[in-house]
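> Got a structure for you, questions after.
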Amino acid sequence: MGAQENLAAAKRGYAAFGAGDAATAMAEMVDDIEWITPGNSAVGGAVHGQQALGEHWAKFGAKGYSVNPQYWFADGDRVVVLVRHSYAGEEDTDAADVLTFNADGKLVKFQSAGDTALLERVFGSK
Numbered sequence: 766m767g768a769q770e771n772l773a774a775a776k777r778g779y780a781a782f783g784a785g786d787a788a789t790a791m792a793e794m795v796d797d798i799e800w801i802t803p804g805n806s807a808v809g810g811a812v813h814g815q816q817a818l819g820e821h822w823a824k825f826g827a828k829g830y831s832v833n834p835q836y837w838f839a840d841g842d843r844v845v846v847l848v849r850h851s852y853a854g855e856e857d858t859d860a861a862d863v864l865t866f867n868a869d870g871k872l873v874k875f876q877s878a879g880d881t882a883l884l885e886r887v888f889g890s891k
């Protein structure tokens with residue numbers, strides 16, 4: 766798939782996630798997705814597979830998490846999304862998400878870069 770198809774898939778995924786529709790958000794991911802959250806918080810590190818990712822997302826949902834994509838950039842197999850993250854009781858913060866797609870247009874890796882101190886405040890440290 767090309768950059769524009771991957772961009773469209775990323776937008777569908779964010780929209781589904783924002784609507785609380787995990788099944789649709791995961792529909793365009795490989796089964797063994799790699800999801801990386803930065804830092805040393807209790808949610809920091811890599812998660813592998815859709816089942817583990819669903820459990821990971823539940824931890825975020827329990828903290829009143831939401832994400833608001835602001836800017837989209839696509840080139841080849843990567844889509845970069847500049848986002849605003851929100852958690853209940855915390856100020857919004859900026860982050861950059863890098864999504865990597867395979868040749869079939871499925872998401873194989875998601876890596877976020879953001880405020881690790883905020884994640885430690887919200888989720889605690891490892």
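Numbering-wise, the working numbering puts 832 at position 67 of the sequence shown, and it's gapless, one number per residue. Heads up, the beta-carbon is just placed ideally off N, CA and C, and yes, glycines get one too. As the structure is a computational prediction, the values presented were derived from the model and not from experiment.
Report yes or no: do the region 779 to 795 and the region 854 to 874 share at least 3 C-beta pairs separated by less than 8 Å?
Cβ pair count under 8 Å is three or more, so yes.
> Can you give me the Cβ contacts of Lys-776 inside the same chain, cut-off strictly under 8 Å, excluding the 5 residues immediately before and after it?
So the list reads Pro-834, Trp-837, once near-sequence residues are dropped.
> Just list the residues that DSSP pairs Pro-834 with in beta bridges.
Paired residue(s): Val-848.
> Is it true that the CB of Thr-858 sits closer than 9 Å to the CB of Gly-879?
Yes, the pair counts as a contact, with Cβ atoms nearer than the cut-off.
> Can you have a look at Ser-806 and say buried or exposed, based on whether 16 or more other CB atoms are within 10 angstroms of its CB?
It counts as buried.
> Going by beta carbon distance, what residues of the same chain come within less than 7 Å of Asn-771, once the five residues before and after it are set aside?
Here the set comprises Ala-839, Asp-842, Val-844, Phe-866, Gly-870.
> State yes or no: is the C-beta of Ala-790 nearer than 8 Å to some heavy atom of the ligand GDP?
For the ligand GDP, the structure offers nothing, since it holds no ligand at all.
> State the DSSP-derived secondary structure class of Glu-820, mapped to helix, strand or coil.
Helix at Glu-820.
> Can you name, in chain order, every residue of its own chain whose Cβ lies under 7 Å from the Cβ of Gly-804, other than the five neighbours on each side?
Answer for Gly-804: Thr-881, Leu-884, Glu-885, listed in chain order.
> Relative to the C-alpha of Gly-826, which residue among Glu-856, Met-791, Ala-784 is closest?
For Gly-826, the nearest C-alpha among the options comes from Ala-784.
> Within 10 Å of its beta-carbon, does Gly-854 have 16 or more other beta-carbons around it, so buried, or fewer, so exposed?
Burial call: exposed.
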